[in-house]
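Residue numbers (my numbering), protein chains in the order written: chain A, 1 to 399; chain B, 1 to 399. C-beta atoms are modelled at their ideal positions from N, C-alpha and C, and glycine is treated no differently. Report on one structure; see the data block that follows.
Protein chains: 2
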Amino acid sequence: MIDRRKNSPAVSGTSGLFQLLRDGQPRTRTELADLLGVARSTVALRVQALMDVGLVAPVDDAASTGGRPSSRFALRTQTKVVLGVDIGASHLRVGLTDLSGARLRDASRELQVSEGPEMVLDTVAELGKELLQRAGRSAQDVLAIGVGVPGPVEHLTGRPINPPIMPGWHGFDVPGYLQGHFAAPVLVDNDVNVMSVGERAAAWPGVQDLIFAKVATGIGAGIICNGELLRGADGVAGDLGHIRVPHGADLLCRCGNHGCLEAVASGPAVAQKLRELGRDAADSLDVVALVQQGDREAVQVVRQAGRDVGEVLSACLSMLNPAVIVIGGSMALTGEHFIAGVREVVYSRTMPLATQQLQIVQSASGLDAGMVGASMLAIQHALSPESIDRMLAGAVAKA
Amino acid sequence: MIDRRKNSPAVSGTSGLFQLLRDGQPRTRTELADLLGVARSTVALRVQALMDVGLVAPVDDAASTGGRPSSRFALRTQTKVVLGVDIGASHLRVGLTDLSGARLRDASRELQVSEGPEMVLDTVAELGKELLQRAGRSAQDVLAIGVGVPGPVEHLTGRPINPPIMPGWHGFDVPGYLQGHFAAPVLVDNDVNVMSVGERAAAWPGVQDLIFAKVATGIGAGIICNGELLRGADGVAGDLGHIRVPHGADLLCRCGNHGCLEAVASGPAVAQKLRELGRDAADSLDVVALVQQGDREAVQVVRQAGRDVGEVLSACLSMLNPAVIVIGGSMALTGEHFIAGVREVVYSRTMPLATQQLQIVQSASGLDAGMVGASMLAIQHALSPESIDRMLAGAVAKA
């Protein structure tokens, strides 16, 4: 009934000890025994099991008395690595970090996601292996891989679900395919969720409630509540782009409804308005350029787009009461004009209690947010109790 | 450095064993030792510690072979109790339940919350003691008290913060005052949060993402995401009532803004519209009565209020992608007309992926939701690892 191997002393209880060491503080076996309420001999076995898989090591103890060898142990973040992969509509970024999140190497490539999953994921594998080689690591050192893609993903399987700008990816087994190259768990999520995790890790590590709104070709948000990414019942939480804004009623959105935020405030919608005003604006980067040149009508149109986004964000605020709203995506590159529009509406529309400590800011991690977030998802998974149990059970089975 | 008392074998590790037993399944000491990866003698000490405080007991084991005494142990839900307190604008309900949530006794009283905190909380204490006596329990059996109040609450301290309909309650130490009567932790939260916990416990125990919208004198929501109550950075998440609805622009809300949902769809707003149509409608109960009599204009006005609530809920849906939306509060008592208005707008406004499995339903726990939810908050707290550690440390200190 009970699997004796899984529950051998080297496995069961060991991940509890490991979670204690995740704070990075070195501890003696006796301290660990006290904290866990188990015998010192049991702790010794568990520490050994974690040393065997390379996750824990003795630390140099300068304060050690009488020249005895060090007897304190700590998490070893540098022996193992993760890959963070950011797949965009037309780019690919891959980062190699250790378990503390420190970046060892990274690389990027211009690549259309519409080339299809095999082509794109083969390039991911190629870049990943190149980074490992440059860092003097092997594929066996990779504990997990995090991947962000520009479309909805079924959380449990890591398969994209009807992603509008990713032809050929619907239902594709992204984890399975990458596991043909690396024997490690693969976590896949949509790009905005991944970016919100990256932005929080990079700029707001202590914040428990954060909304990351990406305003670009599409408009979407990654929502972190109680410190956790919120995915919703079907994995489609954060779909800001198709919330109705009051004065957009006559505009048809690509979703088939009228008055969606995306139809009035996305990069293409703003570029369209500027073309109607006689400007040469094909996409959001042209919009950014016009604003940076000080074109007054471009500034006005961008500020109005900010107000429209603010209208929807003020509803989000009333509902979720976040501490921080981060604005990312190409429209955020227009700088203060866009954010000023957001702030103008948010502060006039929302009850004071929900905004007294609120910060509305431009994305700090910029183009790296996706890659950093994908690495964080991979690290969180790699150090979870379930993963540690699996590693230890594997080591026991081999022994 | 390490508190030896807190980490004595009877305390540390014991709450881990307790969490294993929370599923209610009886287990032998040997099974527990295997599951926890500790020695059988250690498990014996921990089981004894939990028996000493009355949380665990041996169970009759019909399948036991050879007439040996039972050696299986299980959580004992009936030895200890919690109080669940629902304080409304003009009523008070107190329930006594065991640790499984089974109700032992309850009582209610007509009482204005505006009488002030001492008056109301003295009545709570009086009713609580009466229930304990009727159930043959003592105040020492109360492990925790949950309290819902009709206003915003600072989560960490349990103090109401500028509650508009609770004069005299601002900053009042509700937990401290009740602890003058019962030596137990007191959890205070706003009524809608508490009701959402109650509704989930009563009708949707497996659901991880649920919104409970209360539409009455005010309009607010309790939001459960990833299985947890979402309070937000300042504790004011779920403030649906002051989100703007498109066609309410000319209506002044009591918050000072125009076009808030509360100004067009709350009980008083609907009663006002019916008075303008010549009906005798002082409050939402009159509205309910008119609808139940089949008054066609009342039905129309109520259905439109449902549409307005649906407009705001469709934004919530796009953002949070819940599995269930529960409509409660007095306006929900108008039945299908109101909910039909909600559904009409939600299904026309929201992307199909977010609504394919969605259920929009009337509150099932009705008037009891607050009391049930307050009891659940108390039980969750009482059985948390921190509470169990504290109980065990207390028992060790006394011994």
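- DSSP, read as helix, strand or coil, puts Lys80 (chain B) in coil.
- Inclusion of Leu377 (chain A) and Val215 (chain A) in the CB contact set at 8 angstroms is not warranted, their separation being larger than that value.
- By the neighbour-count criterion, in which a residue is buried when 16 or more other Cβ atoms sit within 10 angstroms of its Cβ, Pro160 (chain A) is buried.
- Legend: CB atoms of the region 231–244 of chain B lying less than 9 angstroms from CB atoms of chain A belong to residues Arg231, Gly232, Ala233, Asp234, Gly235, Val236, Ala237, Gly238, Asp239, Leu240, Gly241, His242, Ile243 and Arg244.
- The straight-line gap separating the alpha-carbon atoms of Arg231 (chain A) and Leu92 (chain A) is approximately 24 angstroms.
- The DSSP-derived three-state label of Ile388 (chain A) is helix.
- Going by beta carbons, Val85 (chain B) and Val124 (chain B) fall inside the 8 angstroms limit.
- With respect to chain A, the C-beta atom of Ala369 (chain B) has no partner C-beta closer than 8 angstroms.
- Under the 8 angstroms Cβ criterion, the region 111–129 of chain B does not count as touching the region 42–49 of chain B, having fewer than three qualifying pairs.
- Note that the C-beta distance between Val326 (chain B) and Leu240 (chain B) is not below 8 angstroms.
- Runs of alpha helix (DSSP H) with 4 or more residues, each lying fully within the region 249–317 of chain A, are found at 261–265, 267–276 and 284–292, listed in chain order.
- Only exposed fits Gly366 (chain A), as fewer than 16 other CB atoms lie within 10 angstroms of its CB.
- The Cβ-Cβ distance between His242 (chain A) and Cys225 (chain A) does not fall below 8 angstroms.
- Against Asn193 (chain A), chain B offers no close residue; the least beta-carbon distance is about 12 angstroms (beta-carbon pairs closer than 9 angstroms).
- Distance from the Cα of Val361 (chain B) is smallest, within the candidate group B:Gly335, B:Asp250, B:Ala89 and B:Val120, for B:Gly335.
- Spatial neighbours of Ser318 (chain A) in its own chain (CB-CB distance under 8 angstroms, excluding positions within 5 residues in sequence) are listed in chain order as Thr350, Met351 and Ala354.
- Note on geometry: alpha-carbon atoms of Arg296 (chain B) and Pro246 (chain A) lie some 29 angstroms from one another.
- Within the region 93–164 of chain B, the runs of beta strand (DSSP E) that reach at least 3 residues and sit entirely inside it are, in chain order, 103–110 and 142–149.
- When secondary structure is reduced to three states using DSSP, Gly341 (chain B) falls in the helix class.
- Ala305 (chain A) places its beta carbon less than 8 angstroms from that of Ala265 (chain A).
- Comparing C-alpha distances from Asp234 (chain A) to each of B:Glu386, B:Gln356, B:Leu383 and B:Thr28 shows the shortest one belongs to B:Gln356.
- For Thr28 (chain A), the three-state secondary structure derived from DSSP is strand.
- Taking the Cβ atoms as the reference, Val153 (chain B) lies roughly 6 angstroms from Asp189 (chain B), within the contact range of under 8 angstroms.
- With a threshold of 16 other beta carbon atoms within 10 Å, Asn321 (chain B) meets it and is buried.
- Along the region 13–26 of chain B, going in chain order, the ones with a CB nearer than 7 angstroms to a CB of chain A are Gly13.
- A direct Cα-to-Cα measurement between Val372 (chain A) and Ala289 (chain A) gives close to 27 angstroms.
- Membership of Ile243 (chain A) in any beta strand (DSSP E) is not indicated, and neither H nor E is assigned to it by DSSP.
- Contact residues of the region 34–50 of chain B toward chain A are Asp34, Leu35, Leu36, Gly37, Val38, Ala39, Thr42 and Arg46 (C-beta to C-beta distance below 9 angstroms).
- At a cut-off of 8 angstroms, the C-beta of Glu154 (chain B) has no neighbouring C-beta in chain A.
- The beta-carbon of Ser387 (chain A) is placed no less than 8 angstroms from the nearest beta-carbon of chain B.
- Any Cβ of chain A closer than 8 angstroms to the Cβ of Gln304 (chain B) would place that residue at the interface, and such an atom is absent.
- In the DSSP secondary-structure assignment, Leu210 (chain A) is bridged to A:Ile224 and A:Val324.
- Under the Cβ criterion of 8 angstroms, Asp308 (chain B) is not counted among the residues facing chain A.
- A Cβ-Cβ separation of about 5 angstroms places Pro150 (chain A) in contact with Ala89 (chain A) under the 8 angstroms criterion.
- For Arg72 (chain A), no alpha helix (DSSP H) encloses it; the enclosing beta strand (DSSP E) starts and ends at Arg72 to Leu75.
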